[in-house]
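Protein chains: 2
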Amino acid sequence: MMKKRPLILITNDDGITAPGIRALISVMQQLGDIIVVAPDGPQSGTGHAITINNTLHLEKISKPDAAFEEYACSGTPVDCVKFAVSEIIKGKPDLCVSGINHGSNSSINVIYSGTMSAAVEAGIEGIPSIGFSLQDFDWNADFDAITPFVKEIASKVLETGLPEGTILNVNFPKLKREDIKGVKICRQAKAIWLETFDKRKTPMGRDYYWLTGEFKNLDNGEDTDEWALKNGYVSIVPVQFDLTAYHAMQFLNSWNL
Amino acid sequence: MMKKRPLILITNDDGITAPGIRALISVMQQLGDIIVVAPDGPQSGTGHAITINNTLHLEKISKPDAAFEEYACSGTPVDCVKFAVSEIIKGKPDLCVSGINHGSNSSINVIYSGTMSAAVEAGIEGIPSIGFSLQDFDWNADFDAITPFVKEIASKVLETGLPEGTILNVNFPKLKREDIKGVKICRQAKAIWLETFDKRKTPMGRDYYWLTGEFKNLDNGEDTDEWALKNGYVSIVPVQFDLTAYHAMQFLNSWNL
Numbered sequence: 001m002m003k004k005r006p007l008i009l010i011t012n013d014d015g016i017t018a019p020g021i022r023a024l025i026s027v028m029q030q031l032g033d034i035i036v037v038a039p040d041g042p043q044s045g046t047g048h049a050i051t052i053n054n055t056l057h058l059e060k061i062s063k064p065d066a067a068f069e070e071y072a073c074s075g076t077p078v079d080c081v082k083f084a085v086s087e088i089i090k091g092k093p094d095l096c097v098s099g100i101n102h103g104s105n106s107s108i109n110v111i112y113s114g115t116m117s118a119a120v121e122a123g124i125e126g127i128p129s130i131g132f133s134l135q136d137f138d139w140n141a142d143f144d145a146i147t148p149f150v151k152e153i154a155s156k157v158l159e160t161g162l163p164e165g166t167i168l169n170v171n172f173p174k175l176k177r178e179d180i181k182g183v184k185i186c187r188q189a190k191a192i193w194l195e196t197f198d199k200r201k202t203p204m205g206r207d208y209y210w211l212t213g214e215f216k217n218l219d220n221g222e223d224t225d226e227w228a229l230k231n232g233y234v235s236i237v238p239v240q241f242d243l244t245a246y247h248a249m250q251f252l253n254s255w256n257l
Numbered sequence: 001m002m003k004k005r006p007l008i009l010i011t012n013d014d015g016i017t018a019p020g021i022r023a024l025i026s027v028m029q030q031l032g033d034i035i036v037v038a039p040d041g042p043q044s045g046t047g048h049a050i051t052i053n054n055t056l057h058l059e060k061i062s063k064p065d066a067a068f069e070e071y072a073c074s075g076t077p078v079d080c081v082k083f084a085v086s087e088i089i090k091g092k093p094d095l096c097v098s099g100i101n102h103g104s105n106s107s108i109n110v111i112y113s114g115t116m117s118a119a120v121e122a123g124i125e126g127i128p129s130i131g132f133s134l135q136d137f138d139w140n141a142d143f144d145a146i147t148p149f150v151k152e153i154a155s156k157v158l159e160t161g162l163p164e165g166t167i168l169n170v171n172f173p174k175l176k177r178e179d180i181k182g183v184k185i186c187r188q189a190k191a192i193w194l195e196t197f198d199k200r201k202t203p204m205g206r207d208y209y210w211l212t213g214e215f216k217n218l219d220n221g222e223d224t225d226e227w228a229l230k231n232g233y234v235s236i237v238p239v240q241f242d243l244t245a246y247h248a249m250q251f252l253n254s255w256n257l
């Protein structure tokens with residue numbers, strides 16, 4: 001008996017022309033039928049933003065005889081997922097994959113990441129979902145080294161599903177294929193960005209700023225994503241969107257408000 | 001012995017001119033010295049977005065003899081907190097409060113909310129932090145009804161602090177003061193937005209869309225923020241930024257990747 005090919009939604013936050021999403025498309029074509037809905041330009045650092053105070057545009061950019069449909073969206077990565085589910089697929093795909101991001105989304109970066117927010121949005125909508133990121137900001141990063149892992153992890157999710165309310169945050173170290181030691185299931189490392197604002201002058205003499213910062217890992221644990229990446233492993237952190245800090249409820253109830 | 005007045009950072013996502021932040025300023029002036037750094041326009045639904053592909057502007061808008069300093073920022077609510085800590089206060093305030101939002105940020109809305117993301121950013125930076133939201137989108141909503149609760153909750157946080165890595169998501173029902181039954185410590189209700197895109201035509205005949213949607217509570221629990229608000233209580237959900245789904249790690253480790 002032929003098994004129906006799964007339908008896989010692909011998105012990202014670097015924009016539809018990024019090499020990272022092209023690598024992801026190549027892998028997913030081996031696993032199922034695909035639909036691509038991605039931002040029409042870079043959307044890094046957009047977090048879980050949605051577009052409610054502005055209009056949205058959606059363009060089908062694939063040719064009628066293409067192997068799969070591709071859409072460019074003027075909105076955020078989260079808008080892309082909402083568009084795909086509500087207007088294009090008009091239902092749930094079997095899997096949503098986001099990335100492959102040019103740059104790591106490990107540790108606290110999960111919160112700022114458009115790549116991961118797209119994956120989380122799919123998770124909220126009940127779709128098994130994975131965000132993939134490579135610890136290399138280079139536009140011409142070596143995605144070939146990691147595609148076997150991408151395929152294996154996506155296959156596992158298609159095969160067994162994910163625990164309810166769980167999304168995978170997968171990060172890859174910048175290493176050659178043969179130097180990657182394996183895969184580790186991790187927790188999110190505690191870390192912060194130490195910000196500095198680069199102050200400059202416009203040609204008219206007005207001050208303006210660029211946000212810059214330095215990532216600082218505050219976590220010495222050997223069970224974190226930061227540790228795994230630093231030691232040559234692929235990190236997988238299961239991520240949830242129930243943000244309730246259950247352990248704090250008892251303390252707050254002692255306030256007797 | 002005189003106790004030093006605490007320093008309180010105030011921000012929001014509806015923009016610095018919103019009545020909600022004015023109400024919050026009035027309350028916080030009773031509790032400490034304040035600094036206001038808020039977006040120069042509406043930033044609802046921006047989530048945890050930061051501005052990395054664009055320039056930022058910061059204007060001091062308070063007069064030299066004003067009772068407190070006020071800054072308008074061209075960035076997102078999260079940018080405002082980063083600016084305040086890094087460039088204005090050059091250190092940590094004793095408390096950060098965000099809001100009072102015009103509209104609820106209960107349940108899954110915590111993820112899309114600029115108000116809550118500003119509070120979470122402060123929490124990541126180690127600052128005790130609270131987001132306040134009123135279940136009323138009206139620009140002229142009745143904030144007076146809830147200011148006694150805002151003052152009590154903020155006082156408690158100043159007095160006792162919060163468990164590490166925890167931020168408060170406080171939501172108020174749209175009720176008269178005397179009809180509010182009390183305060184409940186809650187968990188985040190499971191809910192989703194059922195999206196529809198309102199398709200229109202530009203004057204040039206090109207399709208464009210507005211994101212709209214209907215909120216759907218999927219959670220029958222009586223310990224949720226949705227239940228509390230519906231039953232006349234103020235809801236407080238402790239929120240965390242460690243998104244690790246610890247309960248899923250055992251399942252993932254069984255994959256033997």
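In order, the protein sequence lines correspond to chains A and B. Each step along the first sequence adds one to the number in the numbering used here, with nothing skipped, and position 170 is 170. Each step along the second sequence adds one to the number in the numbering used here, with nothing skipped, and position 45 is 45. For glycine and all other residues, C-beta sits at the position ideal for the given N, C-alpha and C. Model, not experiment: these values are computed from the prediction.
Give me the DSSP bridge partner(s) of Asn169/B. Gly131/B, Val237/B, per the DSSP bridge assignment.
Cβ closer than 8 Å: which chain A residues qualify as neighbours of Ile108/B? Under the 8 Å cutoff, chain A gives Ile124, Phe241.
Whole angstroms are fine: how far does the CA of Ser113/A sit from the CA of Asn105/A? 7 Å
Identity of the residue in Ala72/A, Leu218/A, Lys60/A nearest Asn12/A by Cα: Comparing Cα positions, the closest option is Ala72/A.
Helix, strand or coil: how does DSSP classify Ile21/B here? helix
Local conformation of Glu222/A per DSSP, three classes: coil
DSSP on Asp198/B, reduced to helix/strand/coil? strand
Three-state class that DSSP yields for Cys96/B in the structure shown: strand
In terms of DSSP beta bridges, what is Leu158/A paired with? According to DSSP, Leu158/A bridges with nothing at all.
Out of Lys90/A, Gly20/A, Pro64/A, state which residue places its alpha-carbon closest to the alpha-carbon of Leu194/B. Lys90/A
With DSSP as the reference, please indicate the residues paired to Pro39/B in a beta bridge. Cys73/B
At 8 Å on the CB atoms, spell out the chain A contacts of Asp65/B, in chain order. Chain A residues near Asp65/B: none, gap ~23 Å exceeds 8 Å.
Would you call the segment 198–216 of chain A in contact with the segment 149–165 of chain A, where contact means no fewer than 3 C-beta pairs closer than 8 Å? Not touching, per the Cβ criterion.
Quick one: what does DSSP say Trp139/B is sitting in, helix, strand or coil? When DSSP states are grouped into helix, strand and coil, Trp139/B belongs to the coil group.
In chain E, which residues lie with their C-beta within 8 Å of the C-beta of Met249/B? In the displayed structure, chain E is absent; the protein chains listed are A and B.
Expected contact under 8 Å - CB spacing of Tyr208/A and His48/B to nearest Å: Contact flag wrong, Cβ pair sits at about 23 Å.
Rounded to a whole number of angstroms, what is the C-alpha to C-alpha distance between Ser62/A and Gln250/B? 41 Å
8 Å Cβ cut-off: residues of chain B touching Gly47/A: Thr46, Gly47, His48, Ala49, Ile50, Val78, Ser117
Range covered by the alpha helix (DSSP H) that runs through Glu121/B: 114–124
Does chain A have any CB closer than 9 Å to the CB of Leu158/B? no
For Leu252/B, the first and last residue of its enclosing alpha helix (DSSP H): 249–253
Just curious, the beta strand (DSSP E) that Tyr209/A is in, first and last residue? Per DSSP, Tyr209/A is one residue of the beta strand (DSSP E) stretching across 207–217.
Pull out every residue of the segment 191–220 of chain B whose Cβ sits closer than 7 Å to any Cβ of chain A, in chain order. Against chain A - using a Cβ distance shorter than 7 Å - the residues of the segment 191–220 of chain B are Ile192, Glu195, Thr196, Phe197, Tyr208, Tyr209, Trp210, Leu211.
Spatial neighbours of Asp33/A in its chain, beta-carbon cut-off 6 Å, leaving aside the 5 residues before and after: Arg5, Leu7
Strictly below 7 Å CB to CB, what residues from chain B border Trp139/A? Those within 7 Å of Trp139/A in chain B number zero; the least Cβ separation is about 14 Å.
Within this structure, are the beta carbons of Gly165/B and Lys190/A separated by less than 9 Å? yes
Bridge partners - Arg187/A, DSSP secondary structure assignment: Thr224/A
Helix, strand or coil, according to DSSP, for Leu7/B in the structure here? strand
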